[in-house]
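In this note's numbering, the protein residues as written are 1150 to 1384. Here the structure comes first, spelled out in structure tokens, and everything after it is commentary.
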Ligand code: URA
């Protein structure tokens, strides 16, 4: 692939902007300067740098972020920061989107990608990818509330009963459970439906992919195995 096209695909701007970066000597490929925009490179394991910063060629990107509170999953946030402000501009330029949304005050695992098919596979309502949340509630959680959540609760505007799977009470006001849909404010509305209130919400897992070793506000690229784990149903 031509170097200018490689740079463009990786989010470095228009073809013209990429050409100018290359012609101005700002680009190295596998540690060797290259000022020819039409130079051809194989994209397999390609490493390049732009203005001294190293990049690896990625056909598509798959990202796991530990979302902090106070960030909206939107390119046009209304009242808070955007989660996209935590990523380098090249990833925004290449069209990275959130795989489902978390509320601004929800923390934890957020996946982002520019692979439309992957995004669709994880968010399509019929796929029922499990998502595990841990929450702090305002009142102690009762056995009755757990039984109601496990049996399924009715939410206004939703046809099916929404069930909580694998409910675990860690202490009287810390509950975790898995849901199989991604309806607007689903966890908060389920807890409200049984007469309690969520005061803090954290997503721990999507599919079989768990959030570990990513500090709050940080993100990592997912490898192939991790991408597949996030798509998997419960064992
Ligand atoms: N359920 C909610 O209520 N909020 C979230 O952010 C995610 C799931």
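Beta carbons: idealized from backbone N, C-alpha and C, even for Gly.
Practice problem: Say yes only if the C-beta of residue 1314 is nearer than 7 Å to one or more non-hydrogen atoms of the ligand URA, and no if none qualify. | Solution: no
Self-check item: residue 1331 versus 1251, 1158 and 1374, residue with shortest Cα-Cα distance
Solution: 1251
Quiz prompt | Close beta carbons around residue 1357, own chain, < 6 Å, minus the five adjacent residues each side | solution = 1378 and 1381
Practice problem: Determine the burial state of residue 1310: buried for a count of at least 16 other Cβ atoms within 10 Å of its Cβ, exposed for fewer. | Solution: exposed
Quiz item: So, helix, strand or coil for residue 1297, using DSSP?
Solution: helix
Quiz item: Taking buried to mean at least 16 other C-beta atoms within 10 Å of its own C-beta, is residue 1153 buried or exposed?
Solution: buried
Quiz item: Excluding five sequence neighbours on each side, which residues of the same chain lie with their C-beta closer than 6 Å to the C-beta of residue 1278?
Solution: 1271 and 1356
Practice problem: Please write down, chain order preserved, every residue whose beta carbon lies under 5 Å from a heavy atom of the ligand URA. | Solution: 1251, 1252, 1255, 1334, 1335, 1336 and 1337
Exercise. Would you mind giving the Cβ-Cβ distance between residue 1219 and residue 1229, rounded to the nearest angstrom? I have them listed as a contact below 8 Å.
Key: 5 Å
Practice problem: Could you check if residue 1263 is buried or exposed, using at least 16 other CB atoms within 10 Å of its CB as the buried criterion? | Solution: buried
Quiz item: Is residue 1260 closer than 8 Å to residue 1160 when the C-beta atoms are compared?
Solution: no
Quiz prompt | Residues that residue 1317 bridges to, as DSSP identifies them | solution = 1325
Quiz prompt | As assigned by DSSP and simplified to three states, the class of residue 1233 | solution = helix
Self-check item: In chain order, each alpha helix (DSSP H) run of at least 4 residues that lies wholly inside the segment 1265 to 1310
Solution: 1265 to 1272 and 1292 to 1300
Quiz item: Does DSSP classify residue 1198 as helix, strand or coil?
Solution: strand
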